[in-house]
Every structure is written in C-alpha cells, then in structure tokens.
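Report on the following structure.
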DNA sequence: TTATACCGTCCCATATAGTGGGACATATGG
DNA sequence: CCATATGTCCCACTATATGGGACGGTATAA
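Protein chains in written order, with our numbering: chain A, 34 to 299; chain B, 34 to 299.
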C-alpha cells in the first residue's frame, strides 16, 4: 500500500530481515500509543492475523505487556534494556553525579548529550525542581545546530565543521513548517565564536519559544569533544543576568566531567 | 546442537515468529556484553552469517550501535523506548516526586516496584546521597517474598496468597547456592502479620547481607495493592531506632502516592 | 433488551522470506 | 611475515512467516 513518507523517516528500504524490522516497528507504534492489533496491522500494512502474531511474540518475550481489555503497553524488558543501553555509554555513568549536583544548585533541568553525525543524541536528563516539563527525552535526537546542547558541542569542534552542520540543520528545519526558522549564518557563526571565547554558549528561544538555556562542551583527554551539557528553563527564570552568572558554573561542571573521563576506560 | 539449559531460563517453546525472537535474543546477549557476531551466533546456535544479518538489521533500526573494531552496543532507540516504557506506567510518573522527596528526607536509596505474578518488578530507583550503590535496577525482577519491597506489597494482599508466594521464592532461592536462605515459614508469616498491623515492614539483611530496608504498600482506590515503596541503606546507617522512626515516614509517603492514584485514570 | 462491530485467538495451505554454507577483503596479533 | 578472526556479500534451498478466514467473547450502538 501507500507508504506515508513521514514514518520511518530516514532510510527507505532497509535491507534484510523483514520480520524482525516489522516486530521492531510494532514496538515503535506501541510507544506512540497505538495499542490494539487492528490499528497496528493497518499502520504496518499487514493483516490483523500477522500483527497479532508479532504482538504475541513480543509479549511472550517481555517486550510488551498486554492488559486484557485495554491494549498493549511497552514491557518491563524495555525498561531494563533502556537502562543498560544508557549505562553502556561510559560518559553517562561518569557524568551523572555531576549533572545531579548541577541540577541541585540551579533548580533547573539539566541535559547531557553526545554528538552523533549531524545530530545530538540526548543521553540523560535530570528534571529541575520548578515543576515545568520539557519535551526532550533521553534517546532522542535533534540537529546539532538547533539546540543549546548541540551548539555547546560545536564550540569544541574545528571551525570548518560549523557551516555544514548549520546547513544540515537549516535544511531539516525547513521541512517542518511550524518550527522556529534558524537565524542567518553570519549571526550564527558570530554567536559560536563568542561562545568559544567564553567557554559556554546560550540558546535564547532559538529552538523552542519560551525556553532559554546555557551549555558547555565536555572534552576527552585528547581535547576532542566527547559530550555536551546544558541547563534549561523557562524565560521568567532565565533573565540576562542569571544567564551570565550561570555560564561559568555550567562550564566548570562540564570541565569536571572532562576530568573524570581521564580516569579509567572501562 | 546442545542447548545449555541455563540460557533462556523460563519458558521453553515460546511459539511463533522465530526470527523476531532470535533478534530479541540478540539484544539480550548484547546487553550482557557479548559484542561480536561470532560469539552471538554461537550463543544462539546459528551460523555467523545469520547472526550478522540480525545484527545489521538491529543496527539499521537504531536498536544497536556498531563500533567498527570494538563490537556491538545497545543503541539509542532502546534508551528512548526504555524511557517511554517507564512513563507508560501511570504509577511511576505519579509516584516520582514523592519518591524524590522521600530520598531527600532520608538520604537513602528509594525503590518503587509493582507486583507481577510471584515477582516484584522494579519501576524506579532514586539513589541516596550516601554514595553507596545497590545492585537493583529498574526493569529487574525479584521474587516477592525475598525483598523488603516485595514483602511490603504482600502486606496489602489477602493472607491466602502469602504461602504460595513464600514457597515460590524459597524454591527459586534454593536453586542459587550462594544466596541467603529464606527464614522458616512460621517466622516469615509472623513477620508479615506484625507488618500488616503496623502498616510497614522491615528487611533485615534477608535479601542481601549488609542491607536493611523499610517498605510500605501503595493501594489503589479499591484498596488493592498497586505498588510498593522501600527505603534501603547499609546496616551502619540503619540501626533499630532509625528503622522504627523511618517506618511511619515511609508509610505516609506510600499513602500519599495512593492518594494521587485516585485522580484521573489516563 | 437485542444487534453489531471489533478484538483476541487459532488453524492451515501457500510461497515468500529467512537460512546457512561459503568466499572475499580487511584488520589484529604473534 | 603468516595466522586468526571479523565484517560483508552472494545464492540455492526449504523451513518459516504469511494472511485469509472462522470462532467466541466483550463493549458500543440502536
């Protein structure tokens, strides 16, 4: 049938193992709240019969949970694997206590991410105590140039990578009509250069209206960028003066994580 | 070929969809640190060729990450789904702020779990500030009768379920030589009865040497058990006097979660 | 209340889709 | 330097997933 071009986003014909990929797509659908065999079959373009078989297998393996007259939910095995996946990135475990301390000091939401191609991959998120909720989640991806976190990492990259990353981001943003358009390249570049000089950068509602943040890069012992760190909050909590005093604090915590990365490798 | 009987443990012939189940087994193996196609094929009883095809598919779907000359790691998609899986349990989101407060007050590690058959499923864990690390993880399972958290939930169950749960736990424990053997049934039962009268229960190094904890059950609006809550720490931080004063605090927080469950259903 | 639509579950003939043996290039270690 | 091991690719074979359909139970509509 017709494929909606928005679904699996990137690569179209991922080769190999149809059954496995279908099963994984079932997980994705359930994570989006589709919770009965009929709808899942429809979304996948397969008969209910097939969808049901996949669902049963996933349930029996603990990847899904089936609540009799309610539907399917993501299962405990995914909670477990998700935890493990996060732990397998050494940066994440090393950084966690530092993030927690920073969240405690500032009261705001703290993010940790690593660069992955032209995107930032969110690895951890410590909620602030102001009770406001951000859309970001660990495991999520965003173009590097569009977030404070991503820009923080760009500060520690060679300058010749800036423009391609900016272009990639602008292109993606252009495909989503509702989004905030990125600022012009010269401004963007100037902003990054200022940031590099200071050691930290700002995001003044560029990514999301109403949210401001301060970020700084984490480097490994060779000096290359290993991760990024940001503190985010709603505009009323983030006046210019606070942004300015938060900068060095964030940079210091990023440096502390860098220091810890120097220890053991495992 | 010969199957080692320890591998997939529980259910033998899970019917249906071999390919999918194999793929999921690959995820499990990678989570255990097996990180190359050869070993994975061997552990699964399939040729490298097949293992490689599964691995590639999982990589292309973002469930695994492949580091060229190092091996396979759990991928970002699992971090994302794990997060979602935890959020899809309403208890977890409702309880989190309460857990955090309790962790703040006590300085110790706080666990949240729900009953799942004869086991407790850990849903959330807030680390204490004493810097000691416990083996428990969200997504993990343990027999109900062997943990403070599990016993807390048993307090809110009908008495006729106590003995079968105790037996199930004892049986499992018997299969693991190194573990602490459970106390005799009459003692266990008496302990639970005292606990029910008080509204909270203790775990005095029954599950793990050196760890003591205090737990209390969370009930839904119909009065049935919905979850359990426990505060755990090392013996030096948990003298008898502290256990006694912690009890009512834990019970009060459990009650607060129960109250919050009364709100909306979604 | 009765009627209807939908869901979960199971079965089975068909051919599609996964399988696994093997070959090749590249990288690691002795 | 050679030996070992890993990622990658190919292709004939058949084991395996597929999907049409039927049945019983449950919620929603009439």
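Using N, Cα and C, we set each Cβ at its ideal position, and we do this for glycine too.
Residues of the segment 100-120 of chain B with Cβ closer than 9 Å to any Cβ of chain A, in chain order: For the segment 100-120 of chain B, the set of residues with a beta-carbon nearer than 9 Å to any beta-carbon of chain A comprises 106, 107, 108, 109, 110, 111, 112, 113, 114, 115, 116, 117, 118, 119 and 120, in chain order.
Contacting residues, own chain, Cβ-Cβ under 6 Å from residue 98 of chain A (five flanking each side not counted): Stepping through the first chain from its first residue, residue 98 of chain A is reached at position 65. Counting only Cβ-Cβ distances below 6 Å, and skipping sequence neighbours, we find 106 and 108.
Nearest neighbour of residue 182 of chain A, chosen from A:236, A:102 and A:201 [CA to CA]: On the first chain, position 149 is the one that residue 182 of chain A refers to. Nearest of A:236, A:102 and A:201 to residue 182 of chain A, Cα basis: A:236.
Neighbourhood of residue 266 of chain A by C-beta distance below 6 Å, restricted to the same chain and skipping five residues each side: As a working mapping, residue 266 of chain A is identified with position 233 in the first chain. Sequence-distant partners of residue 266 of chain A (beyond 5 residues in either direction) whose C-beta falls short of 6 Å from its own C-beta, in its chain, are 141.
Reduced DSSP secondary structure (H/G/I, E/B, other) of residue 169 of chain A: To locate residue 169 of chain A, count along the first chain from 1; it is residue 136. Three-state result, residue 169 of chain A: coil.
Nearest-angstrom Cβ-Cβ length linking residue 81 of chain B and residue 70 of chain B, presumed shorter than 8 Å: Stepping through the second chain from its first residue, residue 81 of chain B is reached at position 48. Stepping through the second chain from its first residue, residue 70 of chain B is reached at position 37. Confirmed, about 5 Å.
is_contact[residue 276 of chain A, chain B] using C-beta, thresh 8 Å: Mapped onto the first chain, residue 276 of chain A falls at position 243. It does not: the Cβ of residue 276 of chain A has no partner Cβ on chain B nearer than 8 Å.
Span of the alpha helix (DSSP H), counted from its first residue to its last, around residue 52 of chain A: Translated into the one-based positions of the first chain, residue 52 of chain A becomes position 19. 51-64 is the span of the alpha helix (DSSP H), which, as asked, contains residue 52 of chain A.
Cut-off 6 Å between Cβ atoms - residues of its own chain near residue 178 of chain A, not counting five sequence neighbours on either side: As a first step, residue 178 of chain A is located in the first chain; it is residue number 145 there, counting from the start. Counting only Cβ-Cβ distances below 6 Å, and skipping sequence neighbours, we find 198, 199 and 202.
Proximity test, Cβ basis, 8 Å: residue 132 of chain B and chain A: Locating residue 132 of chain B in the second chain gives position 99, counting from the first residue. For residue 132 of chain B, the answer is no, since every Cβ of chain A falls outside 8 Å of its Cβ.
Where residue 180 of chain B meets chain A, residues with beta-carbon distance less than 9 Å: The count along the second chain starts at 1 and reaches residue 180 of chain B at position 147. Result: empty, since nearest Cβ-Cβ is about 16 Å, beyond 9 Å.
Straight-line Cα distance separating residue 251 of chain A from residue 128 of chain A: In the first chain, the residue the question calls residue 128 of chain A occupies position 95. In the first chain, the residue the question calls residue 251 of chain A occupies position 218. When rounded, the distance between both Cα atoms is 10 Å.
Alpha-carbon spacing of residue 62 of chain A relative to residue 89 of chain A, whole angstroms: Along the first chain, read from residue 1 onward, the residue named residue 62 of chain A stands at position 29. Along the first chain, read from residue 1 onward, the residue named residue 89 of chain A stands at position 56. If I take the Cα positions, the gap works out to 15 Å.
For residue 97 of chain A, the three-state DSSP class (helix, strand or coil): What you label residue 97 of chain A is simply residue 64 of the first chain in a count that begins at 1. Three-state result, residue 97 of chain A: strand.
Per-residue contacts from residue 87 of chain A into chain B (C-beta, under 8 Å): Position 54 of the first chain holds residue 87 of chain A. Chain-ordered, the chain B residues with CB closer than 8 Å to the CB of residue 87 of chain A read 50 and 53.
First through last residue of the beta strand (DSSP E) which encompasses residue 143 of chain B: The residue given as residue 143 of chain B occupies position 110 in the second chain. Here the beta strand (DSSP E) through residue 143 of chain B covers 142-149.
7 Å Cβ shell around residue 222 of chain A - same chain, five flanking residues per side excluded: To locate residue 222 of chain A, count along the first chain from 1; it is residue 189. The answer, listed in chain order, is 195.
Closer than 8 Å to chain A by CB, residue 90 of chain B: For the purposes of this step, residue 90 of chain B is taken as residue 57 along the second chain, with counting starting at 1. Closer than 8 Å to some Cβ of chain A, the Cβ of residue 90 of chain B qualifies, so yes.
Start and end residues, alpha helix (DSSP H) containing residue 291 of chain A: Position 258 of the first chain, counting from 1, holds the residue named residue 291 of chain A. It spans 273-294 - the alpha helix (DSSP H) in which residue 291 of chain A sits, taken as one unbroken run.
Cβ-based burial, residue 230 of chain B [other Cβ within 10 Å; buried from 16]: Sequence index remark: in the second chain, residue 230 of chain B carries index 197 (1-based). Exposed, by the Cβ-count rule.
Proximity below 8 Å, CB of residue 158 of chain B to CB of residue 234 of chain B: For the purposes of this step, residue 158 of chain B is taken as residue 125 along the second chain, with counting starting at 1. For the purposes of this step, residue 234 of chain B is taken as residue 201 along the second chain, with counting starting at 1. Their beta carbons are not under 8 Å apart, which means residue 158 of chain B does not touch residue 234 of chain B by this criterion.
Test: residue 170 of chain A CB closer than 8 Å to a CB of chain B: Within the first chain, the letter at position 137 stands for residue 170 of chain A. Taking Cβ atoms only, chain B reaches closer than 8 Å to residue 170 of chain A, which makes this a yes.
Rounded separation between residue 46 of chain A and residue 188 of chain A - CA only: Here residue 46 of chain A refers to the residue found at position 13 when the first chain is read from its first residue. Here residue 188 of chain A refers to the residue found at position 155 when the first chain is read from its first residue. Any reading at residue 46 of chain A is ruled out, since the residue's pLDDT is 47, under 50, leaving its predicted position unreliable.
Outcome for residue 255 of chain B when other beta-carbon atoms lying within 10 angstroms are tallied against a minimum of 16: In the second chain, residue 255 of chain B corresponds to position 222, counting from 1. Under this definition residue 255 of chain B is an exposed residue.
From A:174, A:143, A:171 and A:85, residue whose alpha carbon lies closest to that of residue 249 of chain A: As a working mapping, residue 249 of chain A is identified with position 216 in the first chain. If we check each option's Cα against that of residue 249 of chain A, A:143 comes out closest.
Amino acids of chain B, ordered along the chain, whose beta-carbon sits closer than 8 Å to that of residue 206 of chain A: As a working note, residue 206 of chain A is residue 173 in the first chain. Neighbours of residue 206 of chain A on chain B: none; closest Cβ ~21 Å, over 8 Å.
Neighbour flag for residue 64 of chain A against chain B, beta carbons, 8 Å: Locating residue 64 of chain A in the first chain gives position 31, where the first residue counts as 1. By this cut-off, residue 64 of chain A is an interface position.
Pair within 8 Å by beta-carbon distance, residue 283 of chain B and residue 262 of chain B: What you label residue 283 of chain B is simply residue 250 of the second chain in a count that begins at 1. What you label residue 262 of chain B is simply residue 229 of the second chain in a count that begins at 1. With contacts defined by Cβ atoms closer than 8 Å, residue 283 of chain B and residue 262 of chain B form a contacting pair.
Exposed unless 16 or more other CB atoms sit within 10 angstroms - verdict on residue 51 of chain A: Within the first chain, numbered from 1, the residue matching residue 51 of chain A stands at position 18. When all chains shown are included, residue 51 of chain A counts as exposed.
Pick from B:64, B:65 and B:154 that is closest to residue 122 of chain B, judged by C-alpha positions: Within the second chain, residue 122 of chain B is the residue found at index 89, counting from 1. Nearest C-alpha to residue 122 of chain B: B:154.
Chain A contact for residue 259 of chain B (CB, 8 Å cutoff): Within the second chain, the letter at position 226 stands for residue 259 of chain B. For residue 259 of chain B, no Cβ of chain A is located within less than 8 Å of the residue's own Cβ.
Min CB distance residue 56 of chain A to chain B below 8 Å: Here residue 56 of chain A refers to the residue found at position 23 when the first chain is read from its first residue. Answer yes: the Cβ-Cβ gap between residue 56 of chain A and chain B drops below 8 Å somewhere.
Any chain A beta carbon closer than 8 Å to residue 94 of chain B: As a first step, residue 94 of chain B must be located in the second chain, where it is residue number 61. Any Cβ of chain A closer than 8 Å to the Cβ of residue 94 of chain B would place that residue at the interface, and such an atom is present.
Neighbour list for residue 165 of chain B in chain A, Cβ cutoff strictly below 7 Å: Taking the second chain and counting its residues from 1, the one referred to as residue 165 of chain B is at position 132. Residues of chain A passing the Cβ test: none, with the nearest at roughly 13 Å.
Cβ of residue 198 of chain A within 8 Å of any chain B Cβ: Working through the first chain from its first residue, we reach residue 198 of chain A at position 165. Answer no: the Cβ-Cβ gap between residue 198 of chain A and chain B never drops below 8 Å.
C-alpha gap between residue 204 of chain B and residue 190 of chain A, whole angstroms: As a working note, residue 204 of chain B is residue 171 in the second chain. As a working note, residue 190 of chain A is residue 157 in the first chain. Their backbone Cα atoms lie some 57 Å apart in a straight line.
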